[in-house]
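Everything on this sheet refers to the single structure shown next.
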Amino acid sequence: MHSVMVDGLQMAYLVPVKAEGLRAAFRSLWHRAYKRVEAVRSVSFSVAPGEVVGFIGPNGAGKTTTLKILSGVLHPTAGRVEVVGHTPWERRPAYLRQIAMIRGSRPLAAPVELTVQDALRFQQLIYEVPEAQFRRTLGLLVEMLHLEPLLQRQIRALSLGEKMRAGLAWSLVYQPRVLFLDEPTLGLDVTAAQLMRRFVGTYSRETGATVLLTSHYMADVESLCRRILLIDKGHMTYDGDLAGLSARMAPFKLLKVAGGDPGLDWSRFGDVVEQEGGRVSLRVRREAVPAVTARLLAEVASIADLTVTEPPLESVIDQVYREGV
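Counting from 909, one number per residue, gives the positions in the sequence shown under my numbering.
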């Protein structure tokens, strides 16, 4: 059984358009023209229970629209969707108690006059969480998200990073089985973003929650997701692991050498990407890496260290966005 199943999902909007000028503005009051915008076009995928999947793509690709459909905010134009056995847009209470939609642009939707503690109590009442379960879950979340100093503070007084931590607790206090995370580290500093990634990974492992994550920060995807779904212009263009995408789009690896002679002609071994003092980075085709590595170790006696790495994920994803898969 899948936690999330999407088959032939489509979503189209009618967007009003008008020509420039005052006359066109008056004309549009009586005869408004529209154009059809295809936000999602025949998207299909499934996510297993407990899986953490990255859902990535350029701006306007259809990521947030898809998440809104999965969380029941939007009704699609066509297609079949099931999340934990429910049709999301029917918005049944039994379904809403099992999912959480967390957006980095608005991490905490509770009234700003409430304290964090009151907001969590409010969620307990809304979702009818038994007191014993609430206390047990709250203790876990307070410890994992370092919330103790925030509990008695008003939401309006929290920084963005603090709101995100409190917002996670607010969304998870009823223990949903599926999390939809839309840009969860948006605007966070390095420390807050790392805390967020550690928490999501730990929470999924310990509770078995399924996570579908969208993010433009590849560090989020790389640290949390073994599998990625790539969407572009409303179409699903890739479903697989990061290494597979890198192998398809970047048919080379980087060899980083330390301790070699700065005067050596490194171009004999590969394309020189960067060179500084006794350190050099070489770009070598994947199939040639074993042979080039052996040559380096045999011909350059002064090598102190040699590492083989994949090209930076950001460069691979940038290439995908520009050229397609």
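Heads up, the beta-carbon is just placed ideally off N, CA and C, and yes, glycines get one too.
Thinking C-alpha only, which one of the options is nearest residue i?
{"i": "residue 1038", "options": "920, 1027, 1082 and 1024", "result": "1082"}
{"i": "residue 1054", "options": "1070, 1143 and 1064", "result": "1070"}
{"i": "residue 1035", "options": "1068, 1013 and 1001", "result": "1001"}
{"i": "residue 1064", "options": "1176, 1091, 1048 and 1018", "result": "1018"}
{"i": "residue 1005", "options": "1086, 1201, 1151 and 1127", "result": "1086"}
{"i": "residue 986", "options": "1207, 968, 948 and 1012", "result": "948"}
{"i": "residue 1141", "options": "1110, 984, 920 and 1045", "result": "920"}
{"i": "residue 1160", "options": "938, 1116, 1200 and 979", "result": "1200"}
{"i": "residue 1227", "options": "1155, 1042, 1107 and 925", "result": "1155"}
{"i": "residue 1198", "options": "1181, 1162 and 1224", "result": "1162"}
{"i": "residue 1110", "options": "1100, 1014 and 1048", "result": "1048"}
{"i": "residue 909", "options": "1118, 1100 and 1050", "result": "1118"}
{"i": "residue 1187", "options": "1194, 993 and 1174", "result": "1174"}
{"i": "residue 1153", "options": "1032, 1046 and 1220", "result": "1220"}
{"i": "residue 938", "options": "967, 924, 968 and 945", "result": "924"}
{"i": "residue 1218", "options": "1207, 1189 and 1060", "result": "1189"}
{"i": "residue 1084", "options": "1014, 1060 and 979", "result": "979"}
Could you have a look at residue i and say whether DSSP puts it in helix, strand or coil?
{"i": "residue 934", "result": "helix"}
{"i": "residue 1177", "result": "coil"}
{"i": "residue 1234", "result": "Not covered by the structure: residue 1234. The range shown for the chain is 909 to 1233."}
{"i": "residue 1050", "result": "helix"}
{"i": "residue 1144", "result": "strand"}
{"i": "residue 928", "result": "coil"}
{"i": "residue 1032", "result": "helix"}
{"i": "residue 990", "result": "strand"}
{"i": "residue 916", "result": "strand"}
{"i": "residue 1023", "result": "strand"}
{"i": "residue 1125", "result": "coil"}
{"i": "residue 1169", "result": "coil"}
{"i": "residue 962", "result": "strand"}
{"i": "residue 1081", "result": "coil"}
{"i": "residue 1102", "result": "helix"}
{"i": "residue 1093", "result": "coil"}
{"i": "residue 985", "result": "coil"}
{"i": "residue 1224", "result": "helix"}
Starting from the C-beta of residue i, find all residues in its chain whose C-beta is less than 6 Å away, skip the five residues before and the five after it, and write them out in chain order.
{"i": "residue 976", "result": "982"}
{"i": "residue 962", "result": "1121, 1129, 1133 and 1136"}
{"i": "residue 1229", "result": "966"}
{"i": "residue 1234", "result": "No answer is possible for residue 1234: the residues shown for the chain start at 909 and end at 1233."}
{"i": "residue 1208", "result": "1168"}
Please look up how many angstroms separate the CB atoms of residue i and residue j, rounded, as I've assumed it's under 8 Å.
{"i": "residue 989", "j": "residue 1007", "result": "That belief does not hold up - the Cβ atoms of residue 989 and residue 1007 are roughly 12 Å apart, past 8 Å."}
{"i": "residue 951", "j": "residue 974", "result": "6 Å"}
{"i": "residue 1205", "j": "residue 1165", "result": "Their Cβ separation, rounded to whole angstroms, is 10 Å, which puts residue 1205 and residue 1165 out of contact at 8 Å."}
{"i": "residue 1010", "j": "residue 1075", "result": "6 Å"}
{"i": "residue 911", "j": "residue 926", "result": "Going by Cβ atoms, the distance from residue 911 to residue 926 rounds to 43 Å, so no, they are not a contact pair."}
{"i": "residue 1078", "j": "residue 1033", "result": "Residue 1078 to residue 1033, Cβ: 13 Å. No contact."}
Give me, in chain order, the residues of the same chain whose beta-carbon lies closer than 8 Å to that of residue i; leave out the 5 immediate sequence neighbours on both sides.
{"i": "residue 1223", "result": "1158"}
{"i": "residue 1105", "result": "1093, 1127, 1128, 1131 and 1132"}
Which residues in the same chain as residue i place their Cβ atom closer than 7 Å to its Cβ, once the five residues preceding and following it in sequence are excluded?
{"i": "residue 930", "result": "none"}
{"i": "residue 1210", "result": "1167, 1168 and 1169"}
{"i": "residue 1050", "result": "1056"}
{"i": "residue 1178", "result": "1163, 1190, 1191, 1192 and 1200"}
{"i": "residue 933", "result": "926"}
The ligand SAM and residue i: does the residue's C-beta get closer than 6 Å to at least one heavy atom of that ligand?
{"i": "residue 963", "result": "Because no ligand of any kind appears in the structure shown, any question about the ligand SAM cannot be addressed here."}
For a cutoff of 7 Å on Cβ pairs, would you count residue i as touching chain B?
{"i": "residue 1000", "result": "You won't find chain B in this structure, because it holds only one protein chain."}
Any 3 or more C-beta pairs closer than 8 Å across the segment 1118-1129 and the segment 1086-1095: yes
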